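Here's the structure, in structure tokens; my notes come after.
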Amino acid sequence: MAEALVSLENLRHNACLILSRLKGKARVMGIVKANAYGHNARKVSSALESIGIRDFGVANIHEAVELKTGGELKTRPTILAFSSPLASQIETYLHHDIDMTLCDIETMETADAVASANDRTINVHVKVDTGMGRLGIRPSSAMELLRRIDSSRGLRLKGIYTHFAESSLPGRYTDVQLSEFRALTSEYEHAASKTLCKHAANSGAILSSRDSWLDMVRPGILLYGYHPSENTPSRLDVRPVMQVEARVIFVKEIPAGTTISYNRTWTAPGPRRIATVSAGYADGYCRSLSNKSTVMIHGKPFRQVGTVTMDQIMVDLGEDPEVKKGDRVVLFGWDGLSADSIAGIAGTISYETLCSVSSRVKRIFI
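Be aware that the sequence shown starts at 90, since it is given in the working numbering, and climbs by one per residue.
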């Protein structure tokens, strides 16, 4: 069975680098959606809370409730759910005091009615689509939504935010998005004579666009030890937070010409020792790595051979006599290939590599 070592020390190190870069100019919302990119949202949030972070972002209300009720947090942090809520979910926001994302007037009216009927208030953040094309109200319609929230009985307008489509590199598109967002927020704050919490910067923008920091930033991948792009011009000395390991569960000697795994995709060029390792695509070691990747055993690289199967992979030991059953195998992490390297081989990104580490892989916190 595979295991994932999660270094909370490295996590805090990465968060402190971000805080140091900001120099108090903006506060940090720790992004812990998708179970903290596979690292365990409860443990990650608790570690971030211990260094003063009090805002957390999750994908939806289900993740928000799990984090809020998990028993790990000692303070009463703000938890913002990024998804636009369904009508059936609105009472859950009320019951658990979760900040809501609003993107349209219809949902706003439903949320106001539910909150008012319960004689309660929901804190809301308006999401503005300045160019991502995913969630969010268009800037041309946003002022009407903001005004309606202000005049509602059951909603409290707490913040406003947008999301950049290509923030890893400084460039015109991000500048256009930011300019459009700032024009909208300035118009609203001037008209309403009030200030909102404004946030836009993700990991890429934290590194490439100081102007986008505004009141709060939303680091995700940086917290977990990776940069959003190899081309990001500014870098931080972040450390990987996760290392995925497995064990050698069988070793055999084979003659030249022996084929390995489904569809016989690898043939031994000579006598070989082959190790079977206790991790496969059901653990997150994706099938597209077949015959392309390497693992580390005793600090030495060995090639993965044959098609990756659901529960095991095979490794070519050559004629190395030292590897034996029970030995530790590093699939990726600080002692092996990085998640970036694995992702590059698989044709994806580090985000997906980390999030793909499945729930059957035991997390061990160090």
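The beta carbon of each residue, even a glycine, is placed where N, CA and C say it ideally should be. In this text, all values refer to a predicted model and were calculated from it rather than measured experimentally.
What are the partner residues of residue i, as DSSP defines its beta bridges?
i, result
"residue 144", "118, 167"
"residue 403", "365, 394"
"residue 335", "418"
"residue 319", "BP columns for residue 319 are empty, so no partner."
"residue 383", "392"
"residue 248", "214, 286"
"residue 305", "116, 288"
"residue 348", "356"
"residue 190", "214"
"residue 226", "217"
Going by the CB atoms, is the gap between residue j and residue i shorter than 9 angstroms?
i, j, result
"residue 369", "residue 399", "yes"
"residue 133", "residue 125", "yes"
"residue 385", "residue 418", "yes"
"residue 453", "residue 92", "yes"
"residue 168", "residue 183", "no"
"residue 151", "residue 189", "no"
"residue 309", "residue 254", "no"
"residue 324", "residue 314", "no"
"residue 199", "residue 179", "yes"
"residue 94", "residue 455", "yes"
"residue 359", "residue 380", "no"
"residue 295", "residue 443", "no"
"residue 392", "residue 383", "yes"
"residue 373", "residue 222", "no"
"residue 170", "residue 304", "no"
"residue 90", "residue 449", "yes"
"residue 230", "residue 257", "no"
"residue 336", "residue 406", "no"
Given that a residue counts as buried once 16 or more other Cβ atoms are within 10 Å of its Cβ, and exposed if not, what is residue i?
i, result
"residue 351", "exposed"
"residue 415", "exposed"
"residue 234", "buried"
"residue 320", "exposed"
"residue 226", "buried"
"residue 201", "buried"
"residue 307", "buried"
"residue 117", "buried"
"residue 260", "exposed"
"residue 264", "exposed"
"residue 218", "buried"
Just verifying my parser: in three-state terms, what is the DSSP assignment at residue i?
i, result
"residue 438", "coil"
"residue 93", "strand"
"residue 198", "helix"
"residue 454", "strand"
"residue 270", "helix"
"residue 154", "helix"
"residue 330", "coil"
"residue 290", "strand"
"residue 540", "What the structure shows of the chain is the stretch from 90 to 455, and residue 540 is not part of that stretch, so it cannot be assessed."
"residue 341", "strand"
"residue 372", "helix"
"residue 219", "coil"
"residue 429", "helix"
"residue 132", "helix"
"residue 446", "coil"
"residue 514", "Summary: the structure shown does not reach residue 514, with the chain confined to residues 90 through 455, and so no result is reported for it."
"residue 299", "helix"
"residue 139", "coil"
"residue 412", "coil"
"residue 324", "coil"
"residue 103", "helix"
Pop quiz: residue i and residue j are said to be a contact at Cβ under 8 angstroms. What is the actual Cβ separation, rounded to whole angstroms?
i, j, result
"residue 172", "residue 149", "4 angstroms"
"residue 338", "residue 285", "So it is not a contact: roughly 56 angstroms between Cβ atoms."
"residue 243", "residue 205", "4 angstroms"
"residue 160", "residue 121", "Not really, about 15 angstroms apart at Cβ, beyond 8 angstroms."
"residue 439", "residue 429", "5 angstroms"
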